[in-house]
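Reading through the structure tokens given below for one structure.
Residue numbers (this note's numbering), protein chains in the order written: chain X, 1 to 280; chain E, 1 to 280.
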């Protein structure tokens, strides 16, 4: 597995880099960014994966979230993958901002023509961690995951499906119940096909009812979020948690919207949350 | 003076907004961004102006520098203007990234066709502060200024020319001696004309020798900065400071480049520097 360094720059005493490689899962060149905190060369650190939202790339979170300062303080390696394969030229891939390129939804597609390439779940949970653990100073198997919006959905689903691998899970304004909202219906309908019984394996509120996550989950939600009514459904996650005794810290913040200004404002709490659970 | 709200979003308990207005100084619509920290409505705060570098806009610093957290903590209002007038259609204005649009150099042009519009010095030191003090919860006359690269030049020049108004000055990788480097020669040659005696009023290293700033100045410089050799000349500022007894904290950082990753890494120190001097 060969990784190309696109850029590496000093930041907070560590290194922020953008890398690319030929992905086996997607059949495309994939990019990801990594922040390595100071001191990691001498003592490998836990890896915390951030999954970004619709239209974002591997750069968005690193630049806009203000997370690196806290990752440096806590000694966490931050990893941010891209949000989908790119440049495949599949029909419809570029037609809308909430489907196709930039909108991989962190699942493994089952319907054509997406099936062979839109495999962001396997990419994020297997191929990318293998690359990271081989090439960066991280502790193998010591992972946390968090994300925003579509990436919050991804983080919740990945944590709930792999509690043995991911020790900490949090999300900003996640799509909590995608089978029941327009974004999810559009994406799942195309990627997974019309049989809705195939969708449930990728819905955090449904997964949680089957098997809660063994630790508490942190979710922040802005109350002026322009997508709160209709797309996010934190109340579905809350109901699922209540039904099965899942510990859930769901914080509703008056006045905050869906942007990275919202994420910035609460990012310190998320880094502390993961650091505590990953044992930095 | 009428200001249009382009956006206003909650961030760190305060508000980040982008605003526009018809500028008297430039004869164009100008945009600026403002972060108002929590509590400012009840008790107005000092205003700290950030001047960005070549190609940047009023948004760059607010999104990329990670400054808002610290401004909220210290109770500082942050103001970031655009880097030049835009859309004038002057010949040559769009031909290069280091001159014209996005490259106003924070001076008042004296040569045609720039003279009537490229008046960023008067804009930043007079027109914009008047707008800010009229429309935002800031303490009148309690100002600090800092900036990056071309904006570091701007901050140093503005502080040195107006020590009674600006109580605190700092810079990241400033163009310290523009009359002697390609960026400055190109910009000053066009904006000010070929008579180099007209240039000295806009060069920090020369201004400092005439009249030092009454307080210490903080400058951070990365030693892997791709523009350090040839464009920035921190040694000129250092020599000027030594010659006239100017207090100067010039920190050279191994491994850091010219980017906002560098700025992020040391932004907390700059906010603390200004907060201490502005008496928040």
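Idealized CB from N, CA, C, for every residue including glycine.
#1: Return yes when the Cβ of residue 31/E is within less than 7 Å of the Cβ of residue 82/E, no when it is not.
#2: In the DSSP assignment, find the unbroken alpha helix (DSSP H) run with residue 210/X in it and report its ends.
#3: Measuring straight from C-alpha to C-alpha, what distance separates residue 84/E and residue 103/E?
#4: Bridge partners of residue 8/X, per DSSP?
#5: Look up residue 244/X in the DSSP assignment and say whether it is helix, strand or coil.
#6: Cα separation between residue 245/X and residue 267/E?
#7: Tell me, please, whether the CB atom of residue 227/E is closer than 7 Å to any CB atom in chain X?
#8: Can you confirm whether residue 16/X, when its beta carbon is compared against all beta carbons of chain E, has any partner nearer than 7 Å?
#9: Taking the CB atoms as reference points, tell me whether residue 151/X and residue 51/X lie closer together than 7 Å.
#10: Is the CB-CB distance between residue 173/E and residue 149/E below 7 Å?
#11: Is the CB-CB distance between residue 224/X and residue 257/X below 7 Å?
#12: Is there at least one Cβ from chain E nearer than 7 Å to residue 256/X's Cβ?
#13: Secondary structure at residue 174/X, three-state DSSP: helix, strand or coil?
#14: Indicate whether residue 5/E and residue 47/E have their beta-carbon atoms separated by less than 7 Å.
#15: Nearest to residue 208/E by CA position, among 248/E, 186/E and 16/E, is which residue?
#16: Taking contact to mean at least 3 C-beta pairs separated by less than 8 Å, is the stretch 175 to 195 of chain E in contact with the stretch 230 to 238 of chain E?
#17: For a contact defined as C-beta to C-beta under 8 Å, what are the partners of residue 56/E on chain X?
#18: Return no unless some Cβ of chain E is closer than 7 Å to the Cβ of residue 50/X.
#19: Have a look at the DSSP bridge pairing and note the partners of residue 217/X.
#20: Which full runs of the beta strand (DSSP E) of 3+ residues lie inside the stretch 142 to 204 of chain E, going along the chain?
#21: Report the rounded CA-to-CA distance for residue 117/E versus residue 128/E, giving the unit in angstroms.
#22: Looking at chain E, is there any beta carbon in it that lies within less than 7 Å of the beta carbon of residue 42/X?
#23: Would you give the residue range spanned by the alpha helix (DSSP H) that residue 49/E belongs to?
#24: Do residue 213/E and residue 199/E have their C-beta atoms within less than 7 Å of each other?
#25: Does the beta-carbon of residue 100/E have 16 or more other beta-carbons within 10 angstroms, so that it is buried, or is it exposed?
#26: With H, G and I counted as helix, E and B as strand and the rest as coil, what does DSSP make of residue 239/E?
#27: Against chain X, does residue 266/E count as a neighbour if the rule is that its beta carbon must be under 7 Å from one of theirs?
#28: At a CB-CB cut-off below 7 Å, which residues of chain E make contact with residue 259/X?
#29: Give me whichever residues DSSP pairs with residue 78/X in a beta bridge.
#30: Taking C-beta to C-beta, are residue 166/X and residue 143/X nearer than 7 Å?
#31: Can you grab the Cα-Cα spacing for the pair residue 272/E / residue 280/E, in whole Å?
#32: Quick one: Cα of residue 236/E to Cα of residue 203/E, how far?
#33: Is it right to say residue 276/X is buried, meaning 16 or more other beta carbons lie within 10 angstroms of its own, or is it exposed?
#34: Is residue 270/X helix, strand or coil when you go by DSSP?
The short version:
#1: Contact flag set, yes.
#2: 204 to 210
#3: 6 Å
#4: 17/X
#5: DSSP, read as helix, strand or coil, puts residue 244/X in helix.
#6: CA-CA distance, residue 245/X to residue 267/E, rounds to 43 Å.
#7: Between residue 227/E and chain X, the shortest Cβ-Cβ separation is not below 7 Å.
#8: yes
#9: In contact: residue 151/X and residue 51/X (Cβ atoms closer than 7 Å).
#10: Yes; because the gap between Cβ atoms is below 7 Å, this pair is in contact.
#11: yes
#12: yes
#13: In this structure, residue 174/X counts as coil in the three-state DSSP scheme.
#14: Going by C-beta atoms, residue 5/E is not nearer than 7 Å to residue 47/E.
#15: 248/E
#16: yes
#17: Near residue 56/E there are no residues of chain X at all, since even the closest Cβ is about 14 Å away, more than 8 Å.
#18: no
#19: 248/X
#20: The beta strand (DSSP E) runs of length 3 or more contained entirely in the stretch 142 to 204 of chain E are, from start to end of the chain, 166 to 172.
#21: 15 Å
#22: no
#23: It is not in any alpha helix (DSSP H) - residue 49/E instead sits in the beta strand (DSSP E) that spans 45 to 51.
#24: no
#25: Buried is the call here.
#26: helix
#27: no
#28: 9
#29: 35/X and 48/X
#30: Contact flag set, yes.
#31: Answer to the nearest angstrom: the Cα atoms are 10 Å apart.
#32: 11 Å
#33: exposed
#34: helix
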